[in-house]
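**Student:**
Number of protein chains: 2
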Amino acid sequence: MNLALLFAEDFVSADRAVLTGRRLAHLNSVLKAAEGDLLPVGLVNGDIGTGRVLHLTDTGATLQVELTEPPPSPLPLTLILAMPRPKMFRRVLQTCATLGAKDIWLINSYKVEKSFWQTPWLSAENLRENMVLGLEQARDTVLPRVHIRKLFKPFVEDELPALLKNTRALVAHPGTNTPCPVHINQPVTLCIGPEGGFIPYEVDKLVEAGCEAVHLGRRILRVETAVPVLLSRLFDACG
Amino acid sequence: MNLALLFAEDFVSADRAVLTGRRLAHLNSVLKAAEGDLLPVGLVNGDIGTGRVLHLTDTGATLQVELTEPPPSPLPLTLILAMPRPKMFRRVLQTCATLGAKDIWLINSYKVEKSFWQTPWLSAENLRENMVLGLEQARDTVLPRVHIRKLFKPFVEDELPALLKNTRALVAHPGTNTPCPVHINQPVTLCIGPEGGFIPYEVDKLVEAGCEAVHLGRRILRVETAVPVLLSRLFDACG
Numbered sequence: 011m012n013l014a015l016l017f018a019e020d021f022v023s024a025d026r027a028v029l030t031g032r033r034l035a036h037l038n039s040v041l042k043a044a045e046g047d048l049l050p051v052g053l054v055n056g057d058i059g060t061g062r063v064l065h066l067t068d069t070g071a072t073l074q075v076e077l078t079e080p081p082p083s084p085l086p087l088t089l090i091l092a093m094p095r096p097k098m099f100r101r102v103l104q105t106c107a108t109l110g111a112k113d114i115w116l117i118n119s120y121k122v123e124k125s126f127w128q129t130p131w132l133s134a135e136n137l138r139e140n141m142v143l144g145l146e147q148a149r150d151t152v153l154p155r156v157h158i159r160k161l162f163k164p165f166v167e168d169e170l171p172a173l174l175k176n177t178r179a180l181v182a183h184p185g186t187n188t189p190c191p192v193h194i195n196q197p198v199t200l201c202i203g204p205e206g207g208f209i210p211y212e213v214d215k216l217v218e219a220g221c222e223a224v225h226l227g228r229r230i231l232r233v234e235t236a237v238p239v240l241l242s243r244l245f246d247a248c249g
Numbered sequence: 011m012n013l014a015l016l017f018a019e020d021f022v023s024a025d026r027a028v029l030t031g032r033r034l035a036h037l038n039s040v041l042k043a044a045e046g047d048l049l050p051v052g053l054v055n056g057d058i059g060t061g062r063v064l065h066l067t068d069t070g071a072t073l074q075v076e077l078t079e080p081p082p083s084p085l086p087l088t089l090i091l092a093m094p095r096p097k098m099f100r101r102v103l104q105t106c107a108t109l110g111a112k113d114i115w116l117i118n119s120y121k122v123e124k125s126f127w128q129t130p131w132l133s134a135e136n137l138r139e140n141m142v143l144g145l146e147q148a149r150d151t152v153l154p155r156v157h158i159r160k161l162f163k164p165f166v167e168d169e170l171p172a173l174l175k176n177t178r179a180l181v182a183h184p185g186t187n188t189p190c191p192v193h194i195n196q197p198v199t200l201c202i203g204p205e206g207g208f209i210p211y212e213v214d215k216l217v218e219a220g221c222e223a224v225h226l227g228r229r230i231l232r233v234e235t236a237v238p239v240l241l242s243r244l245f246d247a248c249g
């Protein structure tokens with residue numbers, strides 16, 4: 011937690027917030043904060059700044075909050091991800107939030123096992139909790155939007171073309187001849203398949219919708235590695 | 011397992027190898043291989059090619075092995091990593107192997123907890139097993155070398171200067187003003203600190219030894235994210 015993310019319900023007055031629960035525990039056990047200390051804080055979807063610890067008890071830390079600067083820039087990215095295996099999904103979601111992806115679409119694919127969609131990590135509460143952890147790591151405040159689409163074909167035919175408009179549209183696909191571009195720093199729509207990749211039918215449908223198939227070299231990467239590798243390759247700065 | 015890595019002890023003749031244990035289980039349960047199937051294989055530290063399944067029993071799969079091409083190129087990288095927290099270390103090591111890092115130094119730092127060095131993941135057998143998993147993911151065969159240095163100062167003063175010679179030497183450090191270069195595609199020595207970063211004394215010592223402190227933008231990344239982000243940023247192709 012490199013920043014404590016504050017929500018409307020944490021505020022007891024215009025510039026005072028009370029930390030409880032996980033954030034309070036972190037304050038005590040990791041940061042070993044004391045009254046008078048300054049901590050990095052941010053208002054969800056708002057600015058970042060500092061919180062001075064006014065009172066510290068077993069049940070809450072009251073902070074005097076001053077928000078002074080905008081959060082890091084978001085990536086100009088629409089990320090379309092075949093739903094990962096639940097154990098990996100949680101880490102991937104945190105990483106996406108940390109790296110500044112703000113628009114995340116979880117889609118179906120032939121190699122996405124039906125059970126993946128049953129994971130409790132997809133509940134609104136767990137999605138938010140893991141995005142908050144990723145944002146707090148990065149000192150960002152802006153919650154990504156996560157869209158869940160459990161049918162591949164209707165998504166690709168009916169929704170994807172509008173998402174691709176005015177963006178460089180790419181699908182990461184180890185089987186192709188075109189290397190993934192580097193540092194293009196323009197709006198990108200990026201599709202990443204499941205472990206084992208999109209099947210040829212799916213790649214064809216994505217290409218038909220307007221995506222260009224690109225590869226990352228001979229090495230086959232796990233999804234949790236491909237995400238940071240691709241985002242770092244496409245965009246100069248993460249923030 | 012996108013490739014089954016073969017070791018000298020797997021061979022029963024010049025071109026026949028028998029898979030057992032984890033690799034056999036993967037063949038059966040994930041690949042659902044049958045006699046006659048062709049599988050991607052590679053010889054440790056050697057070429058890659060195919061193995062045709064000749065016999066398949068409960069205890070072993072006999073493969074007719076043909077090695078036809080070199081593995082993907084290694085990264086021209088010396089990676090110096092403050093010893094990560096054990097749970098993360100295993101994943102970081104696999105990621106390093108997958109991305110083609112071949113020379114990995116695990117060093118001490120003020121914020122490396124003493125207990126991290128006690129982890130069983132540092133045993134020769136576990137290091138090898140996790141590097142093999144990372145290589146098999148990437149279809150690579152060349153085992154990285156891992157060097158363990160539990161004292162920071164002697165390493166930085168006595169060994170680091172020789173490692174840096176004829177390389178671009180960098181230390182990833184969020185506190186600095188110079189952005190990390192992109193796509194330099196020349197030999198690099200890269201130092202990555204622990205969670206919480208190197209302390210100023212350590213950064214000073216690394217700079218004194220010849221490293222340049224560079225940052226990745228405003229976002230603070232976890233080590234397991236920083237590794238793929240930095241490697242992707244520094245080198246055009248992973249393989």
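Sequence order for the protein chains is A and B. When the letters of the first sequence are read in order and numbered with this note's numbering, they come out as residues 11 to 249. When the letters of the second sequence are read in order and numbered with this note's numbering, they come out as residues 11 to 249. Glycine included, every Cβ here is placed at the ideal spot set by N, Cα and C.
#1: Which chain A residues are close to glutamine 128 (chain B), counting only those with a beta carbon under 9 Å from its beta carbon?
#2: Exposed or buried, glycine 31 (chain B), counting other C-beta atoms within 10 Å across all chains shown (16 or more means buried)?
#3: Would you kindly work out how many angstroms separate the C-alpha atoms of threonine 72 (chain B) and glycine 59 (chain B), rounded to a whole number?
#4: For asparagine 140 (chain B), count neighbouring Cβ atoms within 10 angstroms of its own Cβ and tell me buried if that reaches 16, exposed if not.
#5: Comparing the C-beta of asparagine 187 (chain A) with each C-beta of chain B, is any distance below 8 Å?
#6: Along chain B, in chain order, which residues have C-beta atoms closer than 7 Å to that of asparagine 12 (chain A)?
#7: Between the stretch 238–246 of chain A and the stretch 137–156 of chain A, are three or more C-beta pairs nearer than 8 Å?
#8: Check whether the Cβ of valine 181 (chain B) sits closer than 7 Å to any heavy atom of the ligand ADP, and report yes or no.
#9: Roughly how many whole angstroms lie between the Cα atoms of glutamate 146 (chain B) and glycine 110 (chain B)?
#10: Quick one: which chain B residues come within Cβ less than 7 Å of histidine 193 (chain A)?
#11: In three-state terms, what does DSSP make of phenylalanine 165 (chain A)?
#12: Note down the Cα distance separating cysteine 190 (chain A) from alanine 24 (chain A), rounded to an integer number of angstroms.
#13: When you compare only the Cα positions, how much space is there between glycine 249 (chain B) and glycine 185 (chain B)?
#14: If we count the other Cβ atoms within 10 Å of its Cβ and call it buried at 16 or more, is phenylalanine 165 (chain B) buried or exposed?
#15: List the residues of chain B whose Cβ lies closer than 8 Å to the Cβ of arginine 149 (chain A), in chain order.
#16: Could you have a look at glutamine 196 (chain B) and say whether DSSP puts it in helix, strand or coil?
#17: Scan the stretch 67–143 of chain A and note each continuous alpha helix (DSSP H) run of 4 residues or more that stays entirely inside, going in chain order.
#18: What are the start and end residues of the beta strand (DSSP E) that includes valine 224 (chain B)?
#19: In chain A, which residues lie less than 7 Å from proline 154 (chain B) when you measure between Cβ atoms?
#20: Report yes if the C-beta distance between valine 122 (chain B) and proline 204 (chain B) is below 8 Å; otherwise report no.
#21: Are leucine 91 (chain A) and leucine 116 (chain A) closer than 8 Å when you measure CB to CB?
#22: From the DSSP output, in three-state form, read off proline 4 (chain B) for me.
#23: Strictly below 7 Å CB to CB, what residues from chain B border glycine 110 (chain A)?
#24: Name, in chain order, the residues that DSSP records as bridge partners for valine 237 (chain A).
#25: For histidine 183 (chain B), which of helix, strand or coil comes out of DSSP?
#26: Hey, threonine 188 (chain B) and histidine 225 (chain B): beta-carbon distance below 8 Å or not?
#27: Since isoleucine 202 (chain B) sits in a beta bridge, which residues does DSSP pair it with?
#28: If you measure beta-carbon to beta-carbon, which residues of the stretch 231–243 of chain A are closer than 7 Å to chain B?
#29: Near glutamine 7 (chain A), which residues of its chain fall below 8 Å by C-beta distance, leaving aside the five closest residues on each side in sequence?
#30: Determine the chain B residues that contact aspartate 251 (chain A) at a beta-carbon separation under 7 Å, and present them in chain order.
#31: So if I threshold CB-CB distances at 9 Å, which residues from the stretch 82–110 of chain A count as touching chain B?
#32: In terms of residue numbering, what span does the beta strand (DSSP E) encompassing arginine 33 (chain A) cover?
#33: Based on the DSSP output, what are the partners of phenylalanine 21 (chain B) in its beta bridges?
#34: Near glycine 144 (chain B), which residues of its chain fall below 6 Å by C-beta distance, leaving aside the five closest residues on each side in sequence?
#35: Spatial neighbours of arginine 232 (chain A) within its chain, please: CB distance less than 8 Å, with the 5 preceding and 5 following residues excluded, ordered by chain position.
**Tutor:** In terms of the structure at hand:
#1: Correct list: empty, because the minimum Cβ distance to chain A is about 21 Å.
#2: It counts as exposed.
#3: C-alpha separation (whole angstroms): 15 Å.
#4: A residue is called buried once 16 or more other Cβ atoms fall within 10 Å of its Cβ, and asparagine 140 (chain B) is buried on that count.
#5: With a threshold of 8 Å between beta carbons, asparagine 187 (chain A) makes no contact with chain B.
#6: Neighbours of asparagine 12 (chain A) in chain B, taken as residues whose beta carbon is under 7 Å from its own, are Ile230 in chain order.
#7: Taking 8 Å as the limit for Cβ pairs, the verdict is that the stretch 137–156 of chain A does not touch the stretch 238–246 of chain A.
#8: The ligand content of the structure shown is nil, which means the ligand ADP is not present either.
#9: Rounded to whole angstroms, glutamate 146 (chain B) to glycine 110 (chain B) spans 12 Å at the Cα level.
#10: Under the 7 Å cutoff, chain B gives Val192.
#11: Helix.
#12: Approximately 47 Å, taken between the alpha carbons.
#13: At glycine 249 (chain B) the pLDDT is 41, less than 50, meaning the model places this residue with poor confidence; the figure from the coordinates comes in the next sentence. Between the alpha carbons of glycine 249 (chain B) and glycine 185 (chain B) lies a gap of roughly 31 Å.
#14: By the 10 Å Cβ count, phenylalanine 165 (chain B) comes out buried.
#15: Within chain B, the residues near arginine 149 (chain A) are Arg228, Arg229 and Ile230.
#16: Correct three-state label for glutamine 196 (chain B): coil.
#17: At a cut-off of 4 residues, the continuous stretches assigned as alpha helix (DSSP H) that sit fully inside the stretch 67–143 of chain A are 96–109.
#18: Per DSSP, valine 224 (chain B) belongs to the beta strand (DSSP E) from 222–224.
#19: Simply none; closest approach about 14 Å.
#20: Remark: C-beta atoms of valine 122 (chain B) and proline 204 (chain B) approach each other more closely than 8 Å.
#21: The answer is yes: Cβ separation under 8 Å.
#22: This structure cannot settle anything about residue 4 (chain B), because the visible part of chain B is limited to 11 through 249.
#23: Near glycine 110 (chain A) (Cβ distances below 7 Å), the residues of chain B are Arg229.
#24: Answer is none; valine 237 (chain A) lacks a bridge partner.
#25: In the three-state reduction of the DSSP assignment, histidine 183 (chain B) falls in the coil class.
#26: At a Cβ-Cβ threshold of 8 Å, threonine 188 (chain B) and histidine 225 (chain B) count as neighbours.
#27: Answer is B:Leu91 and B:Ala182, bridged to isoleucine 202 (chain B).
#28: Only those residues of the stretch 231–243 of chain A whose C-beta falls short of 7 Å from the nearest C-beta of chain B are listed: Leu231, Arg232, Thr235, Pro238, Val239, Ser242 and Arg243.
#29: Only positions 11 to 249 of chain A appear in the structure, and residue 7 (chain A) is not among them; the question remains open.
#30: The requested residue 251 (chain A) is not part of the displayed model; chain A covers only 11 to 249.
#31: Taking 9 Å as the Cβ-Cβ cut-off against chain B, the residues of the stretch 82–110 of chain A that qualify are Pro82, Ser83, Arg101, Gln104, Thr105, Thr108, Leu109 and Gly110.
#32: Following the DSSP letters along the chain, one finds arginine 33 (chain A) in no beta strand (DSSP E) but inside the alpha helix (DSSP H) bounded by residues 31–39.
#33: Answer is B:Ala27.
#34: Correct list, in chain order: Gln104, Ala107 and Thr108.
#35: Only Met98 and Glu205 meet the Cβ criterion.
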